[in-house]
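Visitor:
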Amino acid sequence: RLFRELQEIEGRHPEWVTPDSPSQRVGGEPATGFRPVPHVVPMLSLDNAVSEEEVRAFDERVRRFLKTADPVRYVAEPKYDGVAVELLYEDGAFVLGSTRGDGRTGEDITQNLRTVRSIPLRLQADRPPPLLEVRGEVFMPLEAFDQLNRERLDRGLEPFANPRNATAGTLRQLDPRVAAARPLNLFVYAIGRGGEAFGVRTHGELLAQLGELGLKVNPRVAQSLGLDGAIEFHRALEADRDGLAYEADGTVIKVDDFAVRENLGELERSPRWAIAYKFAPRQEVTRVLDIRAYVGRTGTLTPVTVLEPVRMGGVTVTHASLHNQDEVDKLDARVGDTVLVQRAGDVIPKVVHVIHEQRPEGTRPYQLPDRCPECGAVTVRLPDEVAIRCPNLSCPAQVRERLRHFASRTALDIDGLGEKLVDQLVERRLVHRPSDLFALRRETLVELDRMGEKSAENLLAQIEQARGTSLARFLYALGIRHVGRRVATVLAAHLGTLERLLQATREELESMSEVGPTIAESVRTYLADPDNRAEIDRLRRELTFGEPSAPEPRARPLEGKTIVLTGTLSEPRARVRTRIEQAGGVVTSALSQRTDYLVAGESPGSKHRKAEELGIPILDEEALRKLLEPEPD
Ligand code: IVH
2 RLFRELQEIE
12 GRHPEWVTPD
22 SPSQRVGGEP
32 ATGFRPVPHV
42 VPMLSLDNAV
52 SEEEVRAFDE
62 RVRRFLKTAD
72 PVRYVAEPKY
82 DGVAVELLYE
92 DGAFVLGSTR
102 GDGRTGEDIT
112 QNLRTVRSIP
122 LRLQADRPPP
132 LLEVRGEVFM
142 PLEAFDQLNR
152 ERLDRGLEPF
162 ANPRNATAGT
172 LRQLDPRVAA
182 ARPLNLFVYA
192 IGRGGEAFGV
202 RTHGELLAQL
212 GELGLKVNPR
222 VAQSLGLDGA
232 IEFHRALEAD
242 RDGLAYEADG
252 TVIKVDDFAV
262 RENLGELERS
272 PRWAIAYKFA
282 PRQEVTRVLD
292 IRAYVGRTGT
302 LTPVTVLEPV
312 RMGGVTVTHA
322 SLHNQDEVDK
332 LDARVGDTVL
342 VQRAGDVIPK
352 VVHVIHEQRP
362 EGTRPYQLPD
372 RCPECGAVTV
382 RLPDEVAIRC
392 PNLSCPAQVR
402 ERLRHFASRT
412 ALDIDGLGEK
422 LVDQLVERRL
432 VHRPSDLFAL
442 RRETLVELDR
452 MGEKSAENLL
462 AQIEQARGTS
472 LARFLYALGI
482 RHVGRRVATV
492 LAAHLGTLER
502 LLQATREELE
512 SMSEVGPTIA
522 ESVRTYLADP
532 DNRAEIDRLR
542 RELTFGEPSA
552 PEPRARPLEG
562 KTIVLTGTLS
572 EPRARVRTRI
582 EQAGGVVTSA
592 LSQRTDYLVA
602 GESPGSKHRK
612 AEELGIPILD
622 EEALRKLLEP
632 EPD
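Taking the working numbering, I'd label the letters of the sequence shown as residues 2 to 634.
Below is the structure:
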């Protein structure tokens, strides 16, 4: 936003433009350490639009420039939030890969790009063009990014702030083995030199050609749209934003016809024929009005900022989490501070950093209270935990949160039991624990605020229905630490009945895939507690789990599938094979038309290529794991 403001001011006062103004350069500075690579056709930037009006203004500019009232044909594609690269192919061979740099000179990152699977080392063509410069965006898929950050945290390393940083960091590694271990991906969207060989007239035709050469084109590119179609594409993409496998920060709308592009030409920084229509920002600057401690289901105190309300990605944000005291200390967030807040997906907004320059006088560091704000119990910090907790199990906040969790959609799914209602039930001491819900009576309910006959009946009907829940949901609903939906599903599928869980030894628990010592310990500790046992007994009398030992429908997700393994996998092949067979699949050694999937590890070799030729879906280990995972019901 500051950049746009700068551009706008410089537009009005060209005499104020200094040689070192950020508007005077296209991208980042070429850094040292990698050989500089000149871009013969400069790699330009894109002008931005942040509203529909600005996109319409772009279209008007285009048509004014072309002196036409006729509609212009556009293409729309996601604006990938990664690292722009240029790939040089000579006689079909990938010989040089570079970053965008400042647009005119980038850096030679060929070695690292060679490790990116979706970059073909050789183009698929009998007579490839003598020279072709392909442009696209390298990015780290979100799953891989999360995985990488988990590993980094485990190893005590600082996690990457976002997938783009992770990608840029990976591409600038001096040791290509590091890049090889991180699954980067690429979508191509343009070319530099070498286009003559194709004789293509539109962007759509170009992408089709690039695809045929074995380059990776995103299927989610819409061709030949009117302006309204492009705007519609943008809306749909933004709605799907959280479901995409990669990070995108907007839509690039480009004139489809190359001859028209030629006519329009380019400005210093950006072409006249394209615009980046940005999504609503998910980061905003706002002020911290207060910091409060919230007590969760397990008694953990979470510091949460109360913010000056700010619009962000379509919603108004009024609170953002600071996670724990360590995070507060690290950020040094204080009441009165100006902060950068981020909202990603459906995750609770969080404070990314404090703008220290804007801190007012007289602020004080924030410290979580040493007494629970809800019940006054002295808070504790267990030796090797970051969390500070309220140890009082009957703390009203904990009771409330446990009930909310118990009734939540993914647990017992008692829709009518909303937050306000739980508050009332706990406040009036009508409910102390989940099992009390099953003793609620109509006469009691109708006495509550905002509760009519009808809603009381609906609620009772829902509670009635919840009695027939599944074992997996029940285990999850208990709120045992470290037992999320997945683990609950695994436990239920393996043990079949609650009785067996109550008797399970630690060894038995740990023998299940995905149940490690921490989970086993947590389950045992939970079950060893007499209060918890008593509550389970009470609940057991209220509930009947449907079909205890029937196999979960998704337990054999690979039923009838034929799978071939290739390359070096991260665990012994025999183990992978067993897992596939347990899921109903068959592992064979030779690829054929009948193969359903090729699972490719490191250095996959010729099978990879053959599978591509046969059009057999290729999975990495992560994708296989997802197929094998029993979905929570
Ligand atoms: S076309 C002259 N298409 O956005 C325009 N760029 O701000 C050439 N980008 O450096 C680029 N997704 O890194 C194009 N689908 C897409 C893109 C895209 C992301 C990036 C690219 C470029 C930057 C410009």
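By construction, the Cβ of each residue, glycine as well, lies at the ideal position given by its N, Cα and C atoms.
Give the DSSP-derived three-state secondary structure of Gly196 in the structure shown.
Guide: Numbered from 1 along the sequence shown, position 195 holds the residue referred to as residue 196. Helix, per DSSP.
Visitor: CB of Ser46 to nearest heavy atom of the ligand IVH: below 7 Å?
Guide: For the purposes of this step, residue 46 is taken as the residue at position 45 of the sequence shown. Checking the Cβ of Ser46 against the ligand IVH gives yes.
Visitor: Using a threshold of 8 Å, state whether the C-beta atoms of Leu45 and Pro272 are closer than that.
Guide: Numbered from 1 along the sequence shown, position 44 holds the residue referred to as residue 45. Numbered from 1 along the sequence shown, position 271 holds the residue referred to as residue 272. Going by C-beta atoms, Leu45 is nearer than 8 Å to Pro272.
Visitor: In three-state terms, what does DSSP make of Gly497?
Guide: Taking the first residue of the sequence shown as position 1, residue 497 is located at position 496. Note: Gly497 maps to coil in three-state DSSP.
Visitor: My understanding is that Ile609 touches Ile619, with C-beta atoms under 8 Å, so please give their C-beta distance in whole angstroms.
Guide: Taking the first residue of the sequence shown as position 1, residue 609 is located at position 608. Taking the first residue of the sequence shown as position 1, residue 619 is located at position 618. First, the residue type needs correcting, since residue 609 is His and not Ile in the sequence shown. About 7 Å; that satisfies the 8 Å criterion.
Visitor: Go ahead and pull the three-state DSSP assignment for Thr579.
Guide: Stepping through the sequence shown from its first residue, residue 579 is reached at position 578. In the structure shown, Thr579 sits in a helix (DSSP, three-state: H, G or I).
Visitor: On the three-pair Cβ rule with 8 Å, is the segment 36-50 touching the segment 99-109?
Guide: Verdict: yes, contact present.
Visitor: Only counting the same chain, and skipping five residues up and downstream in sequence, which positions put a Cβ closer than 7 Å to that of Phe234?
Guide: Here the question's residue 234 lines up with position 233 in the sequence shown. The residues are Ala77, Ala223, Leu226 and Thr252.
Visitor: Any heavy atom of the ligand IVH closer than 7 Å to the Cβ of Tyr81?
Guide: Counting from one through the sequence shown, the residue named residue 81 turns up at place 80. Answer for Tyr81: yes, Cβ within range of the ligand IVH.
Visitor: Are the segment 67-87 and the segment 290-303 in contact at 8 Å, needing three or more beta carbon pairs?
Guide: They do not touch, by the three-pair rule.
Visitor: Taking 7 Å as the cut-off, is the beta-carbon of Tyr278 closer than that to any non-hydrogen atom of the ligand IVH?
Guide: Within the sequence shown, the letter at position 277 stands for residue 278. No, the ligand IVH has no heavy atom inside 7 Å of this Cβ.
Visitor: Roughly how many angstroms lie between the CA atoms of Glu444 and Ala529, to the nearest whole one?
Guide: Taking the sequence shown and counting its residues from 1, the one referred to as residue 444 is at position 443. Taking the sequence shown and counting its residues from 1, the one referred to as residue 529 is at position 528. If I take the Cα positions, the gap works out to 37 Å.
Visitor: When the Cα atoms are used, what is the spatial distance from Glu56 to Ile276?
Guide: Stepping through the sequence shown from its first residue, residue 56 is reached at position 55. Stepping through the sequence shown from its first residue, residue 276 is reached at position 275. The residue you asked about is not Glu; residue 56 is Val in the sequence shown. The alpha-carbon atoms of Val56 and Ile276 are separated by roughly 8 Å.
Visitor: Roughly how many angstroms lie between the CA atoms of Arg13 and Lys627, to the nearest whole one?
Guide: Along the sequence shown, read from residue 1 onward, the residue named residue 13 stands at position 12. Along the sequence shown, read from residue 1 onward, the residue named residue 627 stands at position 626. So the two alpha carbons sit approximately 55 Å from each other.
Visitor: Tell me the DSSP secondary structure of Gln463 in three-state form.
Guide: Working through the sequence shown from its first residue, we reach residue 463 at position 462. If DSSP states are grouped into helix, strand and coil, Gln463 belongs with the helices.
Visitor: Is there contact between the segment 561-570 and the segment 596-614, where contact requires at least three CB pairs shorter than 8 Å?
Guide: The segment 561-570 vs the segment 596-614: in contact.
Visitor: I'd like the ranges of any beta strand (DSSP E) spanning at least 3 consecutive residues and lying wholly in the segment 557-604.
Guide: The qualifying runs are 563-567, 587-589 and 598-601.
Visitor: Once DSSP output is grouped into helix, strand and coil, what is the label at Tyr278?
Guide: Within the sequence shown, numbered from 1, the residue matching residue 278 stands at position 277. Note: Tyr278 maps to strand in three-state DSSP.
Visitor: Between which two residues does the alpha helix (DSSP H) carrying Ala145 extend?
Guide: Here residue 145 is taken as the residue at index 144 of the sequence shown, counted from 1. From DSSP, the alpha helix (DSSP H) with Ala145 extends over Leu143 to Asp155.
Visitor: If Leu544 and Gly585 are in contact, beta carbons under 8 Å, what's the gap, nearest whole angstrom?
Guide: Within the sequence shown, numbered from 1, the residue matching residue 544 stands at position 543. Within the sequence shown, numbered from 1, the residue matching residue 585 stands at position 584. Not confirmed; about 30 Å, so no contact.
Visitor: Whose CA, out of Gly606, Glu603, Arg578 and Glu613, lies closest to the CA of Gln594?
Guide: As a first step, residue 594 is located in the sequence shown; it is residue number 593 there, counting from the start. When each option's Cα is compared against that of Gln594, the closest is Glu613.
Visitor: Could you tell me whether the Cβ atoms of Pro164 and Leu143 are closer together than 8 Å?
Guide: If you number the sequence shown from 1, residue 164 lands on position 163. If you number the sequence shown from 1, residue 143 lands on position 142. Contact flag set, yes.
Visitor: Helix, strand or coil for Asp634, going by three-state DSSP, please let me know.
Guide: As a working mapping, residue 634 is identified with position 633 in the sequence shown. Here Asp634 scores only 44 on pLDDT, less than 50, and its place in the model should not be relied on; the value that follows carries that caveat. Coil, per DSSP.
Visitor: Are any of the Cβ atoms in chain B nearer than 8 Å to that of Thr252?
Guide: Looking for chain B here will not work: only one protein chain is present.
Visitor: Do you know whose CA, among Met313, Gln326 and Val307, lies nearest Thr319's CA?
Guide: Position 318 of the sequence shown, counted from the first residue, corresponds to residue 319. Nearest C-alpha to Thr319: Val307.
Visitor: Going along the chain, which residues of its own chain have a beta-carbon closer than 6 Å to the beta-carbon of Pro72, five neighbours each way excluded?
Guide: Your numbering for residue 72 matches position 71 in the sequence shown. Result list for Pro72: Gly227, in chain order.
Visitor: Smallest Cα separation from Thr567: which of Asp103, Gly517 and Asp621?
Guide: One-based indexing of the sequence shown puts residue 567 at position 566. Considering only alpha carbons, the answer is Asp621.
Visitor: Residues bridged to Asn186 by DSSP?
Guide: As a first step, residue 186 is located in the sequence shown; it is residue number 185 there, counting from the start. DSSP output for Asn186 lists Phe140 as bridge partner(s).
Visitor: Need the endpoints of the alpha helix (DSSP H) that Lys255 sits in, please.
Guide: Position 254 of the sequence shown holds residue 255. No alpha helix (DSSP H) contains Lys255, which is instead part of the beta strand (DSSP E) from Ala249 to Val256.
Visitor: Quick one: grab the DSSP three-state call for Gly28.
Guide: In the sequence shown, counting from the first residue as 1, residue 28 sits at position 27. Because Gly28 carries a pLDDT of 44, less than 50, the predicted location of this residue cannot be relied on, and the following value inherits that uncertainty. In the structure shown, Gly28 sits in coil (DSSP, three-state: anything other than H, G, I, E or B).
Visitor: So is Ala32 buried or exposed if we call it buried at 16+ other beta carbons inside 10 Å?
Guide: Position 31 of the sequence shown, counted from the start, is the residue given in the question as residue 32. Residue confidence is low: Ala32 scores 46 on pLDDT, short of 50, so the model does not pin down where it sits. Its coordinate-derived value is still stated next. Looking at its Cβ environment, which holds fewer than 16 other Cβ atoms inside 10 Å, Ala32 is exposed.
Visitor: Quick one: residues in its chain with C-beta nearer than 7 Å to the C-beta of Leu496, no 5 flanking neighbours on either side, listed in chain order?
Guide: On the sequence shown, residue 496 is found 495 positions in, with the first residue counted as 1. Leu502 and Ala505.
Visitor: If Glu138 sits next to Tyr190, beta carbons under 8 Å apart, how far is it from one beta carbon to the other, in whole angstroms?
Guide: Along the sequence shown, one-based indexing puts residue 138 at 137. Along the sequence shown, one-based indexing puts residue 190 at 189. Glu138 to Tyr190, Cβ: 7 Å. Contact.
Visitor: Is DSSP giving Ala529 helix, strand or coil here?
Guide: Looking up residue 529 in the sequence shown gives position 528. Three-state result, Ala529: helix.
Visitor: Have a look at Leu476 and Thr470 and give me their C-alpha separation to the nearest angstrom.
Guide: Locating residue 476 in the sequence shown gives position 475, counting from the first residue. Locating residue 470 in the sequence shown gives position 469, counting from the first residue. If you take the alpha carbons of Leu476 and Thr470, they lie about 10 Å apart.
Visitor: Which whole-angstrom value describes the C-beta separation of Gly602 and Leu570, a residue pair presumed to lie in contact below a C-beta threshold of 8 Å?
Guide: In the sequence shown, the residue the question calls residue 602 occupies position 601. In the sequence shown, the residue the question calls residue 570 occupies position 569. Going by Cβ atoms, the distance from Gly602 to Leu570 rounds to 4 Å, so yes, they are a contact pair.
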